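All residue numbers in the sequence shown are consecutive under my numbering, ending with 277.
All residues carry an ideal CB built from backbone N, CA and C; glycine is no exception.
Predicted model, so just to flag it, every value in this text is computed and none were measured.
Before any comments, here is the structure.
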Amino acid sequence: MNIRKLLLIKLFFLFFFVSCSSLPRSDLAVSTDFILDGRIGIRGLDQASSASIRWAQSENNFDVVLWGPLGQGKTRLVGNASFMTVQTAEGEHVEDVVPNEMLKRYLGISPPIDAFTGWILGRPAIRPLARGLERNEYGDLKAFNQLGFDLEYSDFRVVDGRRLPHRIICSEGATRITILVKRWSLALAP
88 MNIRKLLLIK LFFLFFFVSC SSLPRSDLAV STDFILDGRI GIRGLDQASS
138 ASIRWAQSEN NFDVVLWGPL GQGKTRLVGN ASFMTVQTAE GEHVEDVVPN
188 EMLKRYLGIS PPIDAFTGWI LGRPAIRPLA RGLERNEYGD LKAFNQLGFD
238 LEYSDFRVVD GRRLPHRIIC SEGATRITIL VKRWSLALAP
């Protein structure tokens, strides 16, 4: 093989790997079920609150439990992107609630649930395209903007062979949601 062909092959592979590094990593397309245990903080213009969180995701369905110190104020949200059931510690039970409307009412922002489940794992939704993708030295997404929300990730750890964020910040305007993950449990969906 002459030197020209060898040089062309090397240039091709260099171009290929540089081009691929700008695309989302292939593991981001894998559908994953997960359980997240941690803390969530929500800060807005006139309010700030925090709670413990346990989020179980199975395909498109979520089961999120939030509670304060000593288990006080336990609230459970169960559903998917189309509907949600809310059960509060006071015994209130609301069914067939549109998730985004409920989040807007209680949090002041309404991150799209179907996108938010991917955002939790450190990956953008498929559409619309995310903007401002920033990666760390390991190739993990550390920031991007999608659907009007700014996402930031840090403190990545390896869980079942995948690098996952342990600090997730989602903000829109003056409202900011911070999730600090204490433990991830993953199960790959079939």
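Self-check item: Cβ neighbour criterion (16 or more within 10 Å) applied to G260
Solution: Taking the first residue of the sequence shown as position 1, residue 260 is located at position 173. Exposed, by the Cβ-count rule.
Quiz item: From R141 to L123, what distance separates their C-alpha atoms?
Solution: Taking the sequence shown and counting its residues from 1, one reaches residue 141 at position 54. Taking the sequence shown and counting its residues from 1, one reaches residue 123 at position 36. Each residue's Cα considered, the two are about 6 angstroms apart.
Quiz item: Mind checking Y225: buried by the 16 CB within 10 Å criterion, or exposed?
Solution: For the purposes of this step, residue 225 is identified with residue 138 of the sequence shown, where counting begins at 1. Flag for Y225 reads exposed.
Exercise. Look at the alpha carbon of H253 and the alpha carbon of V173, and state the distance between them as a whole number of angstroms.
Key: As a working mapping, residue 253 is identified with position 166 in the sequence shown. As a working mapping, residue 173 is identified with position 86 in the sequence shown. Their Cα atoms are separated by approximately 26 angstroms.
Practice problem: Mind reading off the beta-carbon distance from R218 to F231? Whole number of angstroms is fine, and I expect it under 8 angstroms. | Solution: Mapped onto the sequence shown, residue 218 falls at position 131. Mapped onto the sequence shown, residue 231 falls at position 144. Right, their Cβ atoms sit about 7 angstroms apart.
Quiz item: Once you ignore the five residues that flank G209 on each side, which residues in its own chain have a CB closer than 7 angstroms to its CB?
Solution: Along the sequence shown, read from residue 1 onward, the residue named residue 209 stands at position 122. Only D227, L228, Y240, L251 and P252 meet the Cβ criterion.
Practice problem: Please work out which residues of its chain come closer than 6 angstroms, Cβ to Cβ, to L220, disregarding the five sequence neighbours upstream and downstream, and give them in chain order. | Solution: Residue numbering aside, residue 220 sits at position 133 when the sequence shown is read from its first letter. So the list reads F231, once near-sequence residues are dropped.
Quiz item: At which residues does the beta strand (DSSP E) containing G205 begin and terminate?
Solution: As a working mapping, residue 205 is identified with position 118 in the sequence shown. Careful: G205 lies outside any beta strand (DSSP E), inside the alpha helix (DSSP H) at I200 to I207.
Exercise. Quickly, what does DSSP pair Q144 with across the bridge? List them, please.
Key: Position 57 of the sequence shown, counted from the first residue, corresponds to residue 144. The partner list for Q144 (beta bridge, DSSP) reads F121 and F149.
Quiz item: Where DSSP assigns a beta bridge to Q233, which residues make up the other side?
Solution: Mapped onto the sequence shown, residue 233 falls at position 146. DSSP output for Q233 lists F236 as bridge partner(s).
Quiz item: Is E221 helix, strand or coil when you go by DSSP?
Solution: Within the sequence shown, numbered from 1, the residue matching residue 221 stands at position 134. If DSSP states are grouped into helix, strand and coil, E221 belongs with the strands.
Self-check item: Residue burial classification, F170 (beta-carbon count within 10 angstroms, cutoff 16)
Solution: As a first step, residue 170 must be located in the sequence shown, where it is residue number 83. Burial call: exposed.
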